[in-house]
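Counting from 1, position 4 in the sequence shown corresponds to residue 4 in this note's numbering; the numbering is continuous, with no gaps.
Beta carbons are placed, not taken as given, at the ideal position from N, Cα and C, and that holds for glycine.
Source: prediction; values computed, not measured.
Notes for the one structure printed next.
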Amino acid sequence: MLENTDATACRHAYETLLCWVLVDPFQKHGFYFSEEPAFSWIRKLPADIKIAIHHSKILFCNGYAFDEFFPDVIASSIDCAIDAGTAVFFDPGPRGKSLLNGTLDEQRALEHALRLSDVLLLTSDEAESLTNVENPIEAGQELLKRGIRTKQVVIKMGSKGSIMITKNAVSCVPSFKINVVDTVGCGDSFTAAIAFGFLHDLPAVNTLTLANAVGAATATGYGAGRNVAHLDKVLQLLREANLNEDTAWGELIEGSSFCPEVTVLSRTAVNGFREHLVHVPVGDVVSDILPMFEAVSQRSTVQS
């Protein structure tokens, strides 16, 4: 908090962006895109934004940014981050396909983001639309090949779980079993956990487990913003470790023509393993993650 009370009061009164989320009765999202960016008067990256990027550890950009800024502004923000040593995360989202077939400037900026980001985050459908590769593991590997700085490609598999592909390994983590209330905000919550894992250099399977738990916790409530996952709910899901192991990871792995070492999170240890396939018990992963957050949760409980 700011020490200046007047400044703090102003900060409390500040209105943030209002976002209308279109959801049908089947919990599928609808999207509306405008022809001109919302901030069309911004043609150059402002100096204060450059300073903010230089002081940040991660710059996160998603496809919706193209509805707010011109493509060259987005590309210059990525260049600014690279110059500052700030990691770049890019999630093209539903806009990816339209950008791929958009104006020349949009296509160039999309390619710029895909090639120069440290971490790419996509759904399996989005990965396929950008690579024309159906198998999500192979699609991730294709994006890695195209990238200049890309270290991780994270594929969101919805209710099945998530996959992280790096140059030397593939990690697969099934989702947590929950009663889904609303999926709005799940993707952003998931990304925040991926960023945490990246900054703390967590093993891929640990990062995905945490991200799946955060996304799942968000799905148990309504709305995004301040209504996203609460830490206590995330910790509850991790402790219960009730995984949805119906996903046929083997089929995805076998359907990939080239697979390095593959790690799969499981409820229990598996005696013996196929070549390149390693099963990691969820209990071992959870025991690594919980101590990082339990102290924070206890402090929050005492303060409340």
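Can you tell me which residues form a DSSP beta bridge with residue 156?
Checking the DSSP bridge columns, you'll see residue 156 partnered with 123, 162.
By the DSSP assignment, the beta strand (DSSP E) with residue 58 in it spans what residues?
Per DSSP, residue 58 belongs to the beta strand (DSSP E) from 58-62.
C-beta atoms of residue 211 and residue 171 nearer than 8 angstroms
no
Using three-state DSSP, classify residue 284 as helix, strand or coil.
helix
Going along the chain, which residues of its own chain have a beta-carbon closer than 8 angstroms to the beta-carbon of residue 144, five neighbours each way excluded?
150, 153, 165, 166, 167
Hey, out of 277, 221, 234, 36, whose CA is closest to residue 293's CA?
234
Nearest-angstrom beta carbon gap, residue 184 and residue 127 [assumed within contact, 8 angstroms]:
Not really, about 22 angstroms apart at Cβ, beyond 8 angstroms.
Near residue 20, which residues of its chain fall below 7 angstroms by C-beta distance, leaving aside the five closest residues on each side in sequence?
none
Return yes when the Cβ of residue 213 is within less than 8 angstroms of the Cβ of residue 238, no when it is not.
Taking 8 angstroms as the Cβ cut-off, residue 238 and residue 213 qualify as a contacting pair.
Go through its chain and collect everything with a Cβ distance to residue 42's Cβ below 7 angstroms, but skip five positions before and after it.
69, 73
Contact defined as beta carbons within less than 8 angstroms: I believe residue 89 pairs with residue 191. What is the distance between those atoms, to the nearest angstrom?
Going by Cβ atoms, the distance from residue 89 to residue 191 rounds to 7 angstroms, so yes, they are a contact pair.
Inter-residue spacing [alpha-carbon to alpha-carbon] between residue 199 and residue 209
Within the model, the alpha-carbon separation for residue 199 versus residue 209 is close to 16 angstroms.
How long is the line joining the alpha carbons of residue 86 and residue 187, rounded to whole angstroms?
22 angstroms
Helix, strand or coil: how does DSSP classify residue 305 here?
In this structure the chain extends from 1 to 304, so residue 305 is not present and cannot be described.
Kindly indicate which three-state DSSP category residue 180 falls into: helix, strand or coil?
coil
Beta strand (DSSP E) segment containing residue 261, residue limits:
261-266
For residue 234, three-class secondary structure by DSSP:
In the three-state DSSP reduction, residue 234 falls in the helix class (H, G or I).
On the three-state DSSP scale, how would you describe residue 118?
coil
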